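Trainee: For the sequence shown, UniProt numbering begins at 1 and goes up steadily by one.
First, the structure itself, so that you have it in front of you.
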Amino acid sequence: MKKSTLKTDTPSHCKELPKESPRQRGGILSCLNVTRQTELTERERGRRRKKGIIRLRNKIKNKKACIQHLAEDEILHKLCNLNIKSVKKLPKKPKVITKQKMTFLCILSFDEMSIRKHLSYNESQDEIQGFQDHGNHGRNHQIAIKALVFMLAGIRKKSKQPIALYFSHTMNSDRMTVVLKEILTECFNSNMNVVATVCDLSTVNMKVLKTMGATTRDPYFSHNNNEIVAVCIAKWSYKESFYNLDKSNPNFVFAPALTESHIKPNVKQQMRVKLAAKIFSHSVTAGILAKISSNELPPEAHATATFTKKFDDLFDAVNADSPDLRRGKIYSTNITTRSPHISLFNKMRKFISNMKYLGSRSTPPSQHGWIHTLNAIERLWKNLQAKQIKSLSTRRTEGPII
């Protein structure tokens, strides 16, 4: 009986190969340029898996292609344990887009910055730039020395986007009020839900907010039936004594960040909030109390430490940008329904309203500004709660405008 033989079609260049040695593991696959999976590196295996996923993703782009692919591949069909008939009967879920998802909750910030006088020719617009330009309200031949910038900042997302720029020599409150209304209208038409405005305490800005209807007691106004909140952004000798005692200690320093710029700032440094924040800090408070306990400072300095502690908590509360507790400071977290921020705001409103300024005939704008800011943040938080927002990062309302 003849033995049955199996005929195979092999390439011509593989017929004259010598007999493989026992140590050879590739066999006939070596002449076909095929590499075993065990001989691949980890990076090469990852590349092959990625290419396979991409090919499968390109093949299955919709439900029809998915059903066809499952019908052709029985192994994949068994692994997935899917019934093609049941897949065909699956209803298409309509995409529900709520009004809240369509709009972008944001804050509108505006501020003026000083610029140098400069004229340049714009070929595309065929005009000379550098003069006062108020957009729809015309231009004039006065050279611009200021730039009014409008910027949107997200409430739930960390995003900032400048949206408008006006070159001006002078801009009165009436013109700025009209410009602000135009910007707000364009924002709402573009599905930008502006819930608050942020500006400094300049005379023009305060007149604009007063014209719009915002006051210190009710820090909000209405525009096109939308409520918009308007946010405006101790005895010193004891601090000087503490600084001199602290820097003279060669072994331990309570406030190493304090410098001469914090104690005796020049004209430009007086405008920097960073220097004031370091003065009203937890380390300065602890240092003053330590000097009192060692009799290096008199007991009367305890009032200065208390004043510093209150404003340190207030700075933390209005500059919070973290959902977690930082350095054990409870006011450095975002505002929630369980956070103590609102209780602190109520206490600080009474504390600030009862403050007396020696040597000043009039009340400084910062006193009304703080009360206005606390009322505005509290009002903004109530409005966001009505929109199902569970937390508020107060730094979004107090951050730098430009």
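Glycine included, each C-beta is placed from N, C-alpha and C at the ideal position.
Bear in mind that the values here come from a model prediction, so they are computed numbers and not experimental data.
Judging by CA-CA distance, which residue of V195, E42, D133 and S109 is the nearest neighbour of A386?
Mentor: As a first step, residue 386 is located in the sequence shown; it is residue number 386 there, counting from the start. Closest by alpha carbon: V195.
Trainee: Since I107 contacts I155 with CB under 8 Å, what's their CB separation in whole angstroms?
Mentor: As a first step, residue 107 must be located in the sequence shown, where it is residue number 107. As a first step, residue 155 must be located in the sequence shown, where it is residue number 155. Right, their Cβ atoms sit about 7 Å apart.
Trainee: Suppose contacts are defined by Cβ-Cβ distances below 9 Å. Is Y121 in contact with A147 by that definition?
Mentor: Looking up residue 121 in the sequence shown gives position 121. Looking up residue 147 in the sequence shown gives position 147. No, these two residues do not count as a Cβ contact at 9 Å.
Trainee: Where does L90 fall in DSSP's three states?
Mentor: For the purposes of this step, residue 90 is taken as residue 90 along the sequence shown, with counting starting at 1. Only weak support exists for where L90 lies, its pLDDT of 39 falling under 50; the value from the coordinates is given anyway. Coil.
Trainee: Hey, how far is the Cα of L380 from the Cα of D321?
Mentor: On the sequence shown, position 380 is the one that residue 380 refers to. On the sequence shown, position 321 is the one that residue 321 refers to. Each residue's alpha carbon lies about 16 Å from the other.
Trainee: I need the DSSP call for S173, collapsed to helix, strand or coil.
Mentor: Here residue 173 is taken as the residue at index 173 of the sequence shown, counted from 1. The answer is helix: DSSP assigns S173 an H, G or I state.
Trainee: Taking the Cβ atom as the reference point for each residue, do C187 and H372 lie within a distance shorter than 9 Å?
Mentor: Translated into the one-based positions of the sequence shown, residue 187 becomes position 187. Translated into the one-based positions of the sequence shown, residue 372 becomes position 372. Not a contact, by the Cβ cut-off of 9 Å.
Trainee: Considering only C-alpha positions, which residue in the set I115, N191 and H134 is nearest to L105?
Mentor: For the purposes of this step, residue 105 is identified with residue 105 of the sequence shown, where counting begins at 1. Minimum Cα distance to L105 is reached at N191.
Trainee: For D133, report the span of its beta strand (DSSP E) as first-last.
Mentor: Reading the sequence shown from its first residue, position 133 is the one you call residue 133. Counting along the chain, the beta strand (DSSP E) containing D133 begins and ends at F131 to D133.
Trainee: On the premise that S332 lies in contact with D312, defined as a C-beta separation below 8 Å, what is that separation, rounded to the nearest angstrom?
Mentor: Along the sequence shown, read from residue 1 onward, the residue named residue 312 stands at position 312. Along the sequence shown, read from residue 1 onward, the residue named residue 332 stands at position 332. Their Cβ separation, rounded to whole angstroms, is 10 Å, which puts D312 and S332 out of contact at 8 Å.
Trainee: How would you write the range of the alpha helix (DSSP H) that M206 sits in, first residue to last?
Mentor: Taking the first residue of the sequence shown as position 1, residue 206 is located at position 206. Note, M206: alpha helix (DSSP H), T203 to M212.
Trainee: Over what stretch of residues does the beta strand (DSSP E) that includes V195 continue unbroken?
Mentor: Locating residue 195 in the sequence shown gives position 195, where the first residue counts as 1. Taken as a continuous stretch (DSSP letters only), the beta strand (DSSP E) holding V195 covers M192 to C199.
Trainee: Check whether the segment 130–142 touches the segment 161–178, counting contact only when three or more Cβ pairs, one atom from each stretch, lie closer than 8 Å.
Mentor: At 8 Å Cβ cutoff, the stretches touch.
Trainee: Determine the direct distance from the alpha carbon of K382 to that of S202, and round the result to whole angstroms.
Mentor: Position 202 of the sequence shown, counted from the start, is the residue given in the question as residue 202. Position 382 of the sequence shown, counted from the start, is the residue given in the question as residue 382. Answer to the nearest angstrom: the Cα atoms are 27 Å apart.
Trainee: Roughly how many angstroms lie between the CA atoms of residue 408 and Q129, to the nearest whole one?
Mentor: This structure cannot settle anything about residue 408, because the visible part of the chain is limited to 1 through 402.
Trainee: Using a Cβ-Cβ cut-off of 6 Å (strictly less than) and excluding sequence neighbours within five positions of M212, which residues of its own chain qualify?
Mentor: Looking up residue 212 in the sequence shown gives position 212. Counting only Cβ-Cβ distances below 6 Å, and skipping sequence neighbours, we find F221.
Trainee: Using the three-state DSSP reduction, which class does L297 fall into: helix, strand or coil?
Mentor: Counting from 1 along the sequence shown, the entry for residue 297 is found at position 297. Coil.
Trainee: Have a look at residue 478 and H141 and give me their C-alpha separation to the nearest angstrom.
Mentor: Since the first and last residues shown for the chain are 1 and 402, residue 478 lies out of range.
Trainee: Take I143 and list the residues in its own chain whose beta-carbon comes closer than 8 Å to its own, dropping the five residues that flank it on each side.
Mentor: Position 143 of the sequence shown holds residue 143. So the qualifying residues of the chain are K117, L119, G130, F131, Q132 and H169.
Trainee: Give me the Cα-Cα distance between I389 and D126, rounded to the nearest whole angstrom.
Mentor: As a first step, residue 389 must be located in the sequence shown, where it is residue number 389. As a first step, residue 126 must be located in the sequence shown, where it is residue number 126. Spanning the two alpha carbons is a distance of roughly 48 Å.
Trainee: Take M176 as the anchor and find which of R43, N189, Q161 and M206 has the nearest alpha-carbon.
Mentor: Translated into the one-based positions of the sequence shown, residue 176 becomes position 176. The residue with the shortest Cα to Cα distance from M176 is M206.
Trainee: Taking just the CA atoms, how far does H302 sit from N111?
Mentor: On the sequence shown, residue 111 is found 111 positions in, with the first residue counted as 1. On the sequence shown, residue 302 is found 302 positions in, with the first residue counted as 1. The sequence as given places Asp at residue 111; Asn does not occur at that position. Going by the C-alpha atoms only, they are around 38 Å apart.
Trainee: With DSSP as the reference, please indicate the residues paired to residue 417 in a beta bridge.
Mentor: Because the chain is modelled from 1 through 402, residue 417 falls outside the range shown and cannot be assessed.
Trainee: In the DSSP assignment, what residue or residues form a beta bridge with H282?
Mentor: In the sequence shown, counting from the first residue as 1, residue 282 sits at position 282. Its beta-bridge partners do not exist; DSSP assigns none.
Trainee: Using the DSSP secondary-structure output, state which residues sit across from A290 in a beta bridge.
Mentor: Start at 1 with the first residue of the sequence shown, and residue 290 comes out as number 290. Note: A290 sits in no beta bridge, so no partner.
Trainee: Does the Cβ of R396 have 16 or more other Cβ atoms within 10 Å, making it buried, or fewer, making it exposed?
Mentor: For the purposes of this step, residue 396 is taken as residue 396 along the sequence shown, with counting starting at 1. R396 should be labelled buried.
Trainee: Can you give me the start and stop residues for the beta strand (DSSP E) that I228 sits inside?
Mentor: In the sequence shown, residue 228 corresponds to position 228, counting from 1. Start and end: N226 to C232.
Trainee: What residue range is occupied by the uninterrupted alpha helix (DSSP H) comprising R379?
Mentor: Start at 1 with the first residue of the sequence shown, and residue 379 comes out as number 379. Taken as a continuous stretch (DSSP letters only), the alpha helix (DSSP H) holding R379 covers P365 to A386.
Trainee: When you compare only the Cα positions, how much space is there between P323 and F150?
Mentor: Position 323 of the sequence shown, counted from the first residue, corresponds to residue 323. Position 150 of the sequence shown, counted from the first residue, corresponds to residue 150. Near 28 Å, if we compare the C-alpha coordinates of F150 and P323.
Trainee: In the DSSP assignment, what residue or residues form a beta bridge with L105?
Mentor: Residue numbering aside, residue 105 sits at position 105 when the sequence shown is read from its first letter. According to DSSP, L105 bridges with N193.
Trainee: Going straight from the alpha carbon of N172 to that of V204, what length do you get?
Mentor: Within the sequence shown, residue 172 is the residue found at index 172, counting from 1. Within the sequence shown, residue 204 is the residue found at index 204, counting from 1. Each residue's alpha carbon lies about 7 Å from the other.
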